[in-house]
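Peer 1: Take a look at the following structure, please.
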Ligand SMILES: NC(=O)c1ccc[n+]([C@@H]2O[C@H](COP(=O)([O-])OP(=O)(O)OC[C@H]3O[C@@H](n4cnc5c(N)ncnc54)[C@H](OP(=O)(O)O)[C@@H]3O)[C@@H](O)[C@H]2O)c1
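Numbering (the numbering used here), first residue to last: 27 to 371.
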């Protein structure tokens with residue numbers, strides 16, 4: 027198989043995981059170039075990477091550039107993605123900067139891999155909370171056509187990056203030693219032993235930017251703007267793996283048994299739904315501590331609504347740094363390679 031030169035931009039929570047996932051999945055890379063704001067050497071799983079400062083020239087000869095830097099005006103992708111594309115790379119971006127641009131495919135390989143065929147240099151990875159939800163929604167949409175989706179998220183601090191992981195650790199340590207909690211900085215309020223019902227910024231309609239990302243991105247990925255979606259996104263004091271309570275109303279009735287069958291047969295999903303073993307040592311339902319470090323989306327607690335027809339409830343958990351970011355991006359890169367779309371300068 028051909029070998030490719032891959033750049034990873036950003037070596038924070040997501041970038042470091044990308045380096046790990048590329049190695050674990052034996053991505054056919056002749057060179058992996060780690061780029062960040064400042065140069066240094068880092069070690070990931072015993073392998074050392076000489077991190078270079080990100081410059082336009084650093085993308086010379088790169089076939090695939092995986093971006094996991096900062097978002098926004100002066101962020102990594104806005105500053106360097108076009109430079110990378112100009113030099114012949116295909117960019118796979120983790121941030122929100124390009125996701126809703128009509129010419130940019132927004133891809134979850136289990137759901138809409140064909141969208142990559144139409145790329146014009148940049149492909150976007152959806153938001154972490156969107157990725158795991160659409161993996162679980164897809165088989166139900168195909169079988170019964172979604173009419174309405176209501177989701178409440180329980181999002182881990184790793185979704186905010188390294189600084190937030192350290193902040194939760196510091197607050198828990200201070201609490202355990204009887205000290206005053208250090209002042210919050212990654213969040214507006216203490217996150218230890220708390221829930222913060224705000225992710226992103228508020229909009230005039232009282233929803234947050236994260237909630238609208240889940241709505242708009244799901245419409246784009248499923249190619250159906252008619253689905254009525256509402257989201258409530260909550261930051262919780264969990265280090266890693268996002269959980270979601272998802273309510274789904276479909277045009278055609280889907281029973282619990284059918285849903286379990288459809289979900290179990292769908293790519294990228296593991297069904298963990300056995301209430302009889304709860305507390306008995308067996309996995310009864312998905313939980314963040316068990317999905318961390320894994321690449322799949324875990325679904326459980328599937329049940330029919332007792333009052334509203336054609337309505338199911340389920341619980342969806344995935345590692346937000348892996349499936350919600352690094353693994354999804356590497357899967358897109360793998361799909362590009364499989365389809366012979368890389369290296370066509
Ligand atoms: N965490 C998640 O669950 C998640 C999920 C989906 C998407 N994302 C997105 O993925 C991106 C990275 O998130 P993260 O959690 O890994 O952040 P992070 O831990 O804060 O790390 C950010 C990394 O980006 C580098 N960087 C920042 N600005 C840069 C620039 N202008 N040029 C080059 N490199 C730059 C930093 O370099 P230095 O180390 O030199 O400072 C650092 O290595 C964000 O866009 C985020 O929204 C995150």
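Built from N, CA and C at the ideal position, the CB exists for glycine as well.
Just so you know, these numbers come straight off a predicted model, no measurement behind them.
DSSP three-state call for residue 145: helix, strand or coil?
Peer 2: coil
Peer 1: Would residue 313 and residue 343 be called neighbours here (beta carbons separated by less than 8 Å)?
Peer 2: yes
Peer 1: Any contact of the region 346-355 with the region 314-323, i.e. 3+ C-beta pairs under 8 Å?
Peer 2: yes
Peer 1: In chain order, what residues of the same chain have a beta carbon less than 7 Å from the beta carbon of residue 147, not counting five sequence neighbours either side?
Peer 2: 111, 116, 117
Peer 1: Just to confirm, are residue 368 and residue 53 a CB contact at a threshold of 8 Å?
Peer 2: no
Peer 1: Mind checking which residues open and close the alpha helix (DSSP H) that includes residue 168?
Peer 2: 154-170
Peer 1: Compute the distance between the beta-carbons of residue 221 and residue 260, then report whether it is under 8 Å.
Peer 2: yes
Peer 1: Between residue 319 and ligand 1, is the CB less than 7 Å from at least one heavy atom?
Peer 2: no
Peer 1: Is residue 308 buried or exposed, if buried means 16 or more other CB atoms sit within 10 Å of its CB?
Peer 2: exposed
Peer 1: I'd like to check one pair, residue 93 with residue 35: are the Cβ atoms closer than 8 Å?
Peer 2: yes
Peer 1: Can you look up residue 62 in the DSSP assignment and give me helix, strand or coil?
Peer 2: strand
Peer 1: Taking three-plus beta-carbon pairs below 8 Å as touching, is the region 240-253 in contact with the region 284-298?
Peer 2: In short, these stretches do not touch, since the Cβ pair count stays below three.
Peer 1: With H, G and I counted as helix, E and B as strand and the rest as coil, what does DSSP make of residue 106?
Peer 2: helix
Peer 1: Is residue 61 near ligand 1, with its Cβ less than 7 Å from a heavy atom?
Peer 2: yes
Peer 1: Over the uninterrupted alpha helix (DSSP H) stretch that includes residue 197, give me the two end residues.
Peer 2: Element bounds for residue 197: 188-202.
Peer 1: Across which residues does DSSP place residue 324 in a beta bridge pair?
Peer 2: 296, 343
Peer 1: Any heavy atom of ligand 1 closer than 7 Å to the Cβ of residue 33?
Peer 2: no
Peer 1: From the DSSP output, in three-state form, read off residue 207 for me.
Peer 2: DSSP places residue 207 in coil when its eight states are reduced to three.
Peer 1: Pop quiz: residue 131 and residue 149 are said to be a contact at Cβ under 8 Å. What is the actual Cβ separation, rounded to whole angstroms?
Peer 2: 5 Å
Peer 1: Hey, residue 171 and residue 277 are a contact pair by Cβ (cut 8 Å); roughly how many whole angstroms apart?
Peer 2: 4 Å
Peer 1: Taking 7 Å as the cut-off, is the CB of residue 37 close to at least one heavy atom of ligand 1?
Peer 2: yes
Peer 1: Considering only their Cβ atoms, is the gap separating residue 264 from residue 377 smaller than 8 Å?
Peer 2: Residue numbering for the chain in the displayed model covers 27 to 371; residue 377 lies beyond these limits and cannot be assessed.
Peer 1: Cβ atoms of residue 311 and residue 329: under 8 Å apart, would you say?
Peer 2: no
Peer 1: For the beta strand (DSSP E) containing residue 398, list its first residue and its last residue.
Peer 2: Shown here, the chain extends from 27 to 371; a query on residue 398 therefore has no answer.
Peer 1: To the nearest angstrom, how far is the alpha carbon of residue 202 from that of residue 217?
Peer 2: 14 Å
Peer 1: Do you know how far the Cα of residue 161 is from the Cα of residue 176?
Peer 2: 15 Å
Peer 1: For the putative contact between residue 196 and residue 208, defined by C-beta atoms under 8 Å, what is the C-beta separation to the nearest angstrom?
Peer 2: 5 Å
Peer 1: Would residue 285 be called buried (16 or more neighbouring beta carbons within 10 Å of its own) or exposed?
Peer 2: buried
Peer 1: What does the alpha-carbon distance come out to for the pair residue 304 and residue 298?
Peer 2: 11 Å
Peer 1: Shortest alpha-carbon distance to residue 61 belongs to which of 50, 86, 316, 72?
Peer 2: 86
Peer 1: So what's residue 228 in DSSP terms, helix, strand or just coil?
Peer 2: strand
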